[in-house]
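Engineer: First to last, the sequence lines map onto chains Z and H.
When the letters of the first sequence are read in order and numbered with my numbering, they come out as residues 1 to 447.
When the letters of the second sequence are read in order and numbered with my numbering, they come out as residues 448 to 990.
Cβ coordinates follow ideal geometry from the N, Cα and C atoms, glycine included.
Note that this is a predicted model, so its numbers are computed, not measured.
Handing you a structure now.
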Amino acid sequence: MRYISNTPAQQREMLATIGAGTIEDLLARIPQKARLSRPLALAEPLAEGDLVRHMRALAGRNADAESFACFLGAGHYDHAIPSPINHLISRGEFFTAYTPYQPEASQGTLRTIYEYQTMIAELTGMDVANASIYDGGSALAEAALMARDITGRNEVVMTAGVHPLSRRVVETYGQGLGLQLRTAPLGDGITDADGLRKAVSGKTAAIVVQSPNLFGCLEEIADAAAVAHEAGALLIASVDPVNLGVLEAPGAQGVDICVGEGQGLGVPLGFGGPNLGVLAVKKDFIRRIPGRLAGATVDLDGHRGFVLTLQAREQHIRREKATSNICTNVALCALMGTIYMSIMGKAGLVRVGELSTAKAHYAAEVLAAVPGVRLRFGAPFFKEFTLALSKPPERVARRLLKDRILAGVPLARFDRKLRDCLVVAVTERRTRAEIDAFAAALAKAVA
Amino acid sequence: MAEEVRGAAEGEPSEALKPVRGAAEGEPSAASKRSYDKLIFELSSPGRHAFSLPEPDVPKSDVQALLPERHLRRQPAELPEVSEVDVIRHYSRLSRLNYGVDTHFYPLGSCTMKYNPRINEDMARLPGFGALHPLAPEEASQGALQLMHELAADLAEIAGMDAVSLQPAAGAQGELAGVLMIRAYHLANGERRTKVLIPDSAHGTNPASTAIAGYRVVQLKSEANGEVDVLDLERNLDDETAAFMLTLPNTLGMFEPRIIEIIEMCHAKGVQVYMDGANLNAILGIVRPGDLGFDVCHFNLHKTFTTPHGGGGPGAGPVGVKSHLMPFLPTPVVTRREGRARRSRRRAERSVDAKAGGTPTYALDWNRPKSIGKLQTFWGNFGMLVRAYTYLRTMGPAGLRSVSDNAVLNANYIMKRLEAHYDAGAPGPCMHECVMSARRQKKLGVTALDIAKRLLDLGFYAPSIYFPLIVEEALMIEPTETESKETLDEFCDAMIRIAKEAEEHPAVIHDAPLTTPVRRLDQTRAARYPDLRWRPPAESSRV
Numbered sequence: 001m002r003y004i005s006n007t008p009a010q011q012r013e014m015l016a017t018i019g020a021g022t023i024e025d026l027l028a029r030i031p032q033k034a035r036l037s038r039p040l041a042l043a044e045p046l047a048e049g050d051l052v053r054h055m056r057a058l059a060g061r062n063a064d065a066e067s068f069a070c071f072l073g074a075g076h077y078d079h080a081i082p083s084p085i086n087h088l089i090s091r092g093e094f095f096t097a098y099t100p101y102q103p104e105a106s107q108g109t110l111r112t113i114y115e116y117q118t119m120i121a122e123l124t125g126m127d128v129a130n131a132s133i134y135d136g137g138s139a140l141a142e143a144a145l146m147a148r149d150i151t152g153r154n155e156v157v158m159t160a161g162v163h164p165l166s167r168r169v170v171e172t173y174g175q176g177l178g179l180q181l182r183t184a185p186l187g188d189g190i191t192d193a194d195g196l197r198k199a200v201s202g203k204t205a206a207i208v209v210q211s212p213n214l215f216g217c218l219e220e221i222a223d224a225a226a227v228a229h230e231a232g233a234l235l236i237a238s239v240d241p242v243n244l245g246v247l248e249a250p251g252a253q254g255v256d257i258c259v260g261e262g263q264g265l266g267v268p269l270g271f272g273g274p275n276l277g278v279l280a281v282k283k284d285f286i287r288r289i290p291g292r293l294a295g296a297t298v299d300l301d302g303h304r305g306f307v308l309t310l311q312a313r314e315q316h317i318r319r320e321k322a323t324s325n326i327c328t329n330v331a332l333c334a335l336m337g338t339i340y341m342s343i344m345g346k347a348g349l350v351r352v353g354e355l356s357t358a359k360a361h362y363a364a365e366v367l368a369a370v371p372g373v374r375l376r377f378g379a380p381f382f383k384e385f386t387l388a389l390s391k392p393p394e395r396v397a398r399r400l401l402k403d404r405i406l407a408g409v410p411l412a413r414f415d416r417k418l419r420d421c422l423v424v425a426v427t428e429r430r431t432r433a434e435i436d437a438f439a440a441a442l443a444k445a446v447a
Numbered sequence: 448m449a450e451e452v453r454g455a456a457e458g459e460p461s462e463a464l465k466p467v468r469g470a471a472e473g474e475p476s477a478a479s480k481r482s483y484d485k486l487i488f489e490l491s492s493p494g495r496h497a498f499s500l501p502e503p504d505v506p507k508s509d510v511q512a513l514l515p516e517r518h519l520r521r522q523p524a525e526l527p528e529v530s531e532v533d534v535i536r537h538y539s540r541l542s543r544l545n546y547g548v549d550t551h552f553y554p555l556g557s558c559t560m561k562y563n564p565r566i567n568e569d570m571a572r573l574p575g576f577g578a579l580h581p582l583a584p585e586e587a588s589q590g591a592l593q594l595m596h597e598l599a600a601d602l603a604e605i606a607g608m609d610a611v612s613l614q615p616a617a618g619a620q621g622e623l624a625g626v627l628m629i630r631a632y633h634l635a636n637g638e639r640r641t642k643v644l645i646p647d648s649a650h651g652t653n654p655a656s657t658a659i660a661g662y663r664v665v666q667l668k669s670e671a672n673g674e675v676d677v678l679d680l681e682r683n684l685d686d687e688t689a690a691f692m693l694t695l696p697n698t699l700g701m702f703e704p705r706i707i708e709i710i711e712m713c714h715a716k717g718v719q720v721y722m723d724g725a726n727l728n729a730i731l732g733i734v735r736p737g738d739l740g741f742d743v744c745h746f747n748l749h750k751t752f753t754t755p756h757g758g759g760g761p762g763a764g765p766v767g768v769k770s771h772l773m774p775f776l777p778t779p780v781v782t783r784r785e786g787r788a789r790r791s792r793r794r795a796e797r798s799v800d801a802k803a804g805g806t807p808t809y810a811l812d813w814n815r816p817k818s819i820g821k822l823q824t825f826w827g828n829f830g831m832l833v834r835a836y837t838y839l840r841t842m843g844p845a846g847l848r849s850v851s852d853n854a855v856l857n858a859n860y861i862m863k864r865l866e867a868h869y870d871a872g873a874p875g876p877c878m879h880e881c882v883m884s885a886r887r888q889k890k891l892g893v894t895a896l897d898i899a900k901r902l903l904d905l906g907f908y909a910p911s912i913y914f915p916l917i918v919e920e921a922l923m924i925e926p927t928e929t930e931s932k933e934t935l936d937e938f939c940d941a942m943i944r945i946a947k948e949a950e951e952h953p954a955v956i957h958d959a960p961l962t963t964p965v966r967r968l969d970q971t972r973a974a975r976y977p978d979l980r981w982r983p984p985a986e987s988s989r990v
């Protein structure tokens, strides 16, 4: 049997040592009426060659970003993934280890977590980053619950540009604790400043602002922070870390808790997971942070070493009083991010942002010049923008599949009022030729 | 979800704070002199770079002109400036400071550290899976949706559940989803129940997840062998109780012999029963939680179904439910429509179409008004789902059954070989893991922690220690089915050697580990003076 090492002879020897006749004897504590009396009704096994053929056939029915020009965003982006990442994370010493409970035998993982924390703190301008949360949505939910604990208030003001699926995660995490969500309305692509002020009260634990928001527009984070702090609330910012080579650091804009989806930092699209949930805070909140933290210390010989630390926050110590229930997080994705940030480095990450925003602005110009297509909002955008189309965007997107273009994300599924809208994302991977082809195909589709 | 309690060690002021050079004064160990000690930042050199990016191919590329100045970063992010060679060598060297399943026997109890098949990795990296955007049109992601639909059906069959959501990212998130569904179910029945019962032997995530779901946790005392104290359970079952959450086999590695009766007792009081599926590796094709009466159970694909542990994730924690909980499943649900049925509304027509043999289509169903909502922004840790699916198709039904048989055999073999030298946490036979106690060794001044450290020197990763909490000096050993008798013998020989050392010369255990890249680390100092990020030497003040 594949992946099982013992031979029948060894099994017999082992049973003899145990003093049991058969493996069945070892299962004697299981009452007969609890037993399954038939084999599991599952597909019969396939030999590796047949399995690969089957898997390729399944994979072949998907329009992936290797064979299509991908202008899809809304949370996940087709940024370039440098080759060394896959080679390094494929080292068994990394990917077949687990949570570094024995630090002496896990210094590799612990060091990479410490490096990751450092890079995320540096990039976001926050004081402390944790070792990762599952994804951007669950990181946002953890941040909202954290703000609730810190302020003792039970209401969170979500600005209208927060990704509706991430907002749904916050609602899900908050339902048992009675967390109330209010919405601050949208102005011209970004949060309406007056509307935000009106939505905030003495009950507000936090304002959540996402920048760039669902529509690709850049929110006024510092203004939102001022509104939050005036009300004694926290500001939670949800950002895309890969943009932060160019965009101002949340920490420099008064943000208290910074979260984000770090998929763009070298993590494959992977149909939406696994992801890289980023969470970083001001140092006042260090003992309230959810999840793992790696810290530097010394060993008995005085040599630098790393451990999981401040564990008295965590579920395996504090149980129902823990800051979160998270245990397994996404360490290997954090490692991808760490390697990505090392390869891009100080200059490369700036270039990724510059190229993405330049190409996005070019795309916005040529796409909005197509008759029947216009830019929906006037606010500044970064690598993603919203078009209003004269034809239903879902139909247009389907039609463009024939030209091997993944055109963008129709907003109808999130908001009926925006059913004429298509959100288009452009990363450094897109070429001018692809953008021009997109414009030409779009012109035909909306004509 | 491995459990290791060292909070106490962290919290209390220890001697370790004072001496930076402790027990082995003077000579640092040979290993620590050799081992690689750099951080990537310490390799940085201004102007060096590893990236390869295109020149701009569009007319306007100056960000200063494209974006308002207030949005632009003022202070550059100080990321490392290194070459590709630096990166490859640094992370290769760091990897060598780890023990992993590929390099060492890794008997971490409750974590099912089995071999991670390479074909799974290859399949997850097929571009049609790895480079697929989650918001690609449904007609352009049929292969991915089909895989999810089939995997959910297979997991439902394995656990005897009626439906499975693949969305939770890890076991703890599966627990949260499960408890929230139970809550929604009670609320839909007009019942506001307030508490959840959890044995004191449970994984820490159980009470933590339950607390987020808004319930009060009532901890039940277990019997000495980890079994449910049925009388105590009965006393606590009332109309305030929403759920009873338990692990099967329990965290002592024992099957709960009265499980059917226990579940019936709960159901009689309207209490839902949740199974923590961390130990599912013990019962594949032998027992199905759904057949026993469980209402909800989660799966850890990174344990039972061979997706790699990644140094602490990503995992995947699908959650299965019985039909009465299906309306509350996380959104969206992957659905299958038989060929051409889409256009036929009437049932009679649909069955005709199915017979006609059109290609089925798969879709994401968002129209689920009673759903608890979403656990992640997208659909789940799909890359892990591909790996688990590949594994299931590799093994088949007989293969899975053989997994559990051999996992049980291996654990019992270890237990038998060790029981003359260590106390058993509970009398055997056990299921897929055995819990031993170092209480005998503790009397000689050797703790479970000491034994764990000594094992590292002898070439093994350590079992989970100090868990379950109800066993003194617990060593929780889970060998898994992928290990051979030879490996188990080497491990048992090492454990027996340590038991002898404890009696004859415990110093060698107290000094351990000596062969690892670092020696024992000062946890107290780490917690007392948190140093959670690197800073250049000039500005090195701790955060």
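Please identify the residue among Z/Glu93, Z/Leu88, Z/Pro164 and Z/Val208 whose C-alpha is closest to the C-alpha of alanine 147 of chain Z.
Structural biologist: Within the first sequence, residue 147 of chain Z is the residue found at index 147, counting from 1. When C-alpha distances from alanine 147 of chain Z are compared across Z/Glu93, Z/Leu88, Z/Pro164 and Z/Val208, the shortest belongs to Z/Val208.
Engineer: Using C-beta distances below 8 angstroms, list every residue in its chain close to alanine 858 of chain H, excluding the 5 sequence neighbours before and after it, in chain order.
Structural biologist: As a position in the second sequence, residue 858 of chain H is number 411, starting the count at 1. Closer than 8 angstroms at Cβ, skipping near neighbours: Gly700, Cys877, Met878, His879, Glu880, Cys881, Ile924, Glu925 and Pro926.
Engineer: Out of Z/Met336, Z/Ala28 and Z/Leu269, which one is the CA nearest neighbour of histidine 79 of chain Z?
Structural biologist: Mapped onto the first sequence, residue 79 of chain Z falls at position 79. When Z/Met336, Z/Ala28 and Z/Leu269 are compared, the shortest CA-CA separation from histidine 79 of chain Z is found for Z/Leu269.
Engineer: Grab the span of the alpha helix (DSSP H) containing methionine 448 of chain Z for me, first residue to last.
Structural biologist: Residue 448 of chain Z lies beyond the range of chain Z shown here (1 to 447); nothing can be said about it.
Engineer: Once DSSP output is grouped into helix, strand and coil, what is the label at glycine 254 of chain Z?
Structural biologist: In the first sequence, the residue the question calls residue 254 of chain Z occupies position 254. Residue state, collapsed to three classes: coil.
Engineer: So, for glutamine 666 of chain H: in the same chain, excluding its five sequence neighbours on each side, which residues have a beta-carbon less than 7 angstroms away from its beta-carbon?
Structural biologist: One-based indexing of the second sequence puts residue 666 of chain H at position 219. Cβ within range, chain order: Ile645 and Asp647.
Engineer: Return the residue from the list Z/Arg404, Z/Asn329, Z/Thr309 and Z/Glu320 that minimises the CA-CA distance to glycine 762 of chain H.
Structural biologist: By 1-based counting over the second sequence, the position of residue 762 of chain H is 315. Of the candidates Z/Arg404, Z/Asn329, Z/Thr309 and Z/Glu320, the one whose C-alpha sits nearest the C-alpha of glycine 762 of chain H is Z/Asn329.
Engineer: Can you find a heavy atom of the ligand GTP that lies under 7 angstroms from the Cβ of isoleucine 150 of chain Z?
Structural biologist: Among the ligands in the structure shown, none appear at all, so the ligand GTP cannot be discussed.
Engineer: Step through the CB atoms of chain H and report whether any lies within less than 8 angstroms of the CB of proline 250 of chain Z.
Structural biologist: What you label residue 250 of chain Z is simply residue 250 of the first sequence in a count that begins at 1. Proline 250 of chain Z has a beta carbon lying at 8 angstroms or more from every beta carbon in chain H.
Engineer: Suppose contacts are defined by Cβ-Cβ distances below 8 angstroms. Is valine 239 of chain Z in contact with cysteine 258 of chain Z by that definition?
Structural biologist: In the first sequence, residue 239 of chain Z corresponds to position 239, counting from 1. In the first sequence, residue 258 of chain Z corresponds to position 258, counting from 1. Taking the C-beta atoms as reference points, cysteine 258 of chain Z is found nearer than 8 angstroms to valine 239 of chain Z.
Engineer: Return the CA-CA distance between glycine 305 of chain Z and leucine 905 of chain H, expressed in angstroms with no decimal places.
Structural biologist: For the purposes of this step, residue 305 of chain Z is taken as residue 305 along the first sequence, with counting starting at 1. For the purposes of this step, residue 905 of chain H is taken as residue 458 along the second sequence, with counting starting at 1. Each residue's Cα considered, the two are about 21 angstroms apart.
Engineer: Got a sec? Which residues, its chain only, sit under 6 angstroms from glycine 469 of chain H by beta carbon, not counting five neighbours each side?
Structural biologist: Stepping through the second sequence from its first residue, residue 469 of chain H is reached at position 22. Note on glycine 469 of chain H: pLDDT 36, under 50, position unreliable in the model; the coordinate value appears next. Nothing meets the Cβ criterion.
Engineer: Identify whether arginine 840 of chain H lies in helix, strand or coil by the three-state DSSP scheme.
Structural biologist: Residue 840 of chain H sits at position 393 when you count from the first residue of the second sequence. In this structure, arginine 840 of chain H counts as helix in the three-state DSSP scheme.
Engineer: Assign alanine 512 of chain H to one of two classes, buried (16 or more other C-beta atoms within 10 Å of its C-beta) or exposed (fewer than that).
Structural biologist: Counted from its first residue, the second sequence places residue 512 of chain H at position 65. With fewer than 16 other Cβ atoms within 10 Å, it is exposed.
Engineer: Quick check on glutamine 107 of chain Z - is its C-beta less than 8 angstroms from some C-beta in chain H?
Structural biologist: Reading the first sequence from its first residue, position 107 is the one you call residue 107 of chain Z. With 8 angstroms as the cut-off, glutamine 107 of chain Z counts as an interface residue toward chain H.
Engineer: Counting only the same chain and skipping the five closest in sequence on each side, list residues whose C-beta sits under 8 angstroms from that of proline 779 of chain H.
Structural biologist: For the purposes of this step, residue 779 of chain H is taken as residue 332 along the second sequence, with counting starting at 1. Result list for proline 779 of chain H: Leu811, Asp812, Trp813, Arg815 and Trp826, in chain order.
Engineer: Applying a beta-carbon distance threshold of less than 7 angstroms, which residues of chain H neighbour lysine 33 of chain Z?
Structural biologist: Locating residue 33 of chain Z in the first sequence gives position 33, counting from the first residue. Residues of chain H passing the Cβ test: Ile707.
Engineer: When the distance is taken between beta carbons, is glycine 178 of chain Z closer than 8 angstroms to arginine 630 of chain H?
Structural biologist: Indexing the second sequence from 1 puts residue 630 of chain H at position 183. Indexing the first sequence from 1 puts residue 178 of chain Z at position 178. Between arginine 630 of chain H and glycine 178 of chain Z, the CB-CB gap reaches or exceeds 8 angstroms.
Engineer: Rounded to whole angstroms, what's the CA-CA distance from proline 392 of chain Z to phenylalanine 414 of chain Z? Just pull it up for me.
Structural biologist: What you label residue 392 of chain Z is simply residue 392 of the first sequence in a count that begins at 1. What you label residue 414 of chain Z is simply residue 414 of the first sequence in a count that begins at 1. Cα to Cα, proline 392 of chain Z sits roughly 14 angstroms from phenylalanine 414 of chain Z.
Engineer: How many Å lie between arginine 432 of chain Z and aspartate 484 of chain H at the Cα?
Structural biologist: Position 432 of the first sequence, counted from the first residue, corresponds to residue 432 of chain Z. Position 37 of the second sequence, counted from the first residue, corresponds to residue 484 of chain H. Those two C-alpha atoms are separated by around 45 angstroms.
Engineer: Between which two residues does the alpha helix (DSSP H) holding glycine 700 of chain H run?
Structural biologist: The residue given as residue 700 of chain H occupies position 253 in the second sequence. Unbroken run through glycine 700 of chain H: none, as it is neither H nor E.
Engineer: Could you tell me which of H/Arg521, H/Pro523 and H/Ser491 sits nearest to glutamate 531 of chain H, measuring between CA atoms?
Structural biologist: Your numbering for residue 531 of chain H matches position 84 in the second sequence. The shortest Cα separation from glutamate 531 of chain H among H/Arg521, H/Pro523 and H/Ser491 belongs to H/Ser491.
Engineer: Classify glutamate 930 of chain H as buried or exposed, calling it buried when 16 or more other Cβ atoms lie within 10 Å of its own Cβ.
Structural biologist: Residue numbering aside, residue 930 of chain H sits at position 483 when the second sequence is read from its first letter. Looking at its Cβ environment, which holds 16 or more other Cβ atoms inside 10 Å, glutamate 930 of chain H is buried.
Engineer: Jot down the residue ranges of each uninterrupted alpha helix (DSSP H) in the segment 645-685 of chain H, minimum 4 residues, whole runs only, in chain order.
Structural biologist: 652-659 and 677-683
Engineer: Please report the Cβ distance between serine 818 of chain H and leucine 776 of chain H, rounded to the nearest whole angstrom; I am assuming they are in contact, meaning their Cβ atoms lie under 8 angstroms.
Structural biologist: As a working mapping, residue 818 of chain H is identified with position 371 in the second sequence. As a working mapping, residue 776 of chain H is identified with position 329 in the second sequence. Confirmed, about 6 angstroms.
Engineer: In the DSSP assignment, what are the bridge partners of asparagine 636 of chain H?
Structural biologist: In the second sequence, counting from the first residue as 1, residue 636 of chain H sits at position 189. DSSP output for asparagine 636 of chain H lists no bridge partner at all.
Engineer: Excluding the 5 residues flanking lysine 444 of chain Z on each side, which residues of the same chain have their C-beta closer than 7 angstroms to its C-beta?
Structural biologist: For the purposes of this step, residue 444 of chain Z is identified with residue 444 of the first sequence, where counting begins at 1. The beta carbon of lysine 444 of chain Z sits closer than 7 angstroms to no other beta carbon from its chain once the five residues preceding and following it are set aside.
Engineer: Taking tyrosine 809 of chain H as part of the beta strand (DSSP E), name the residues at either end of that continuous run.
Structural biologist: Within the second sequence, the letter at position 362 stands for residue 809 of chain H. Unbroken beta strand (DSSP E) run through tyrosine 809 of chain H: 808-812.
Engineer: Return the Cβ separation of alanine 160 of chain Z and threonine 191 of chain Z in integer angstroms, given the expectation that the two are a contact with Cβ distance under 8 angstroms.
Structural biologist: The residue labelled residue 160 of chain Z in the question sits at position 160 within the first sequence. The residue labelled residue 191 of chain Z in the question sits at position 191 within the first sequence. With a Cβ gap of about 7 angstroms, alanine 160 of chain Z and threonine 191 of chain Z count as contacting.
Engineer: So what does DSSP say about aspartate 800 of chain H, is it helix, strand or coil?
Structural biologist: For the purposes of this step, residue 800 of chain H is taken as residue 353 along the second sequence, with counting starting at 1. For aspartate 800 of chain H, the predicted model reports a pLDDT of 41, less than 50, meaning its position is unreliable; a value from the coordinates is still stated below. If DSSP states are grouped into helix, strand and coil, aspartate 800 of chain H belongs with the helices.
Engineer: Look at the alpha carbon of alanine 141 of chain Z and the alpha carbon of isoleucine 487 of chain H, and state the distance between them as a whole number of angstroms.
Structural biologist: Along the first sequence, one-based indexing puts residue 141 of chain Z at 141. Along the second sequence, one-based indexing puts residue 487 of chain H at 40. Using only the alpha carbons, I get a separation of about 31 angstroms.
Engineer: Of all the beta strand (DSSP E) runs that stay within the bounds of the segment 163-227 of chain Z, which reach a length of 3 or more residues?
Structural biologist: 180-184 and 204-211
Engineer: With a threshold of 8 angstroms between beta carbons, is arginine 840 of chain H in contact with chain Z?
Structural biologist: Mapped onto the second sequence, residue 840 of chain H falls at position 393. Chain Z, which has a Cβ nearer than 8 angstroms to the Cβ of arginine 840 of chain H, makes this yes.
Engineer: What does aspartate 135 of chain Z reach in chain H if we use C-beta pairs closer than 8 angstroms?
Structural biologist: Walking along the first sequence from the start, residue 135 of chain Z turns up at place 135. Residues of chain H passing the Cβ test: Ala616, Gln823, Thr824 and Phe825.
Engineer: Rounded to whole angstroms, how far is the Cβ of valine 396 of chain Z from the Cβ of alanine 439 of chain Z, which I believe are closer than 8 angstroms?
Structural biologist: For this step, residue 396 of chain Z is matched to residue 396 along the first sequence. For this step, residue 439 of chain Z is matched to residue 439 along the first sequence. Rounded, the Cβ-Cβ distance is 13 angstroms, inconsistent with contact.
Engineer: Can you tell me which residues form a DSSP beta bridge with isoleucine 405 of chain Z?
Structural biologist: Against the first sequence, residue 405 of chain Z aligns to sequence position 405. Within the DSSP secondary-structure output, isoleucine 405 of chain Z pairs in a beta bridge with Z/Ala69.
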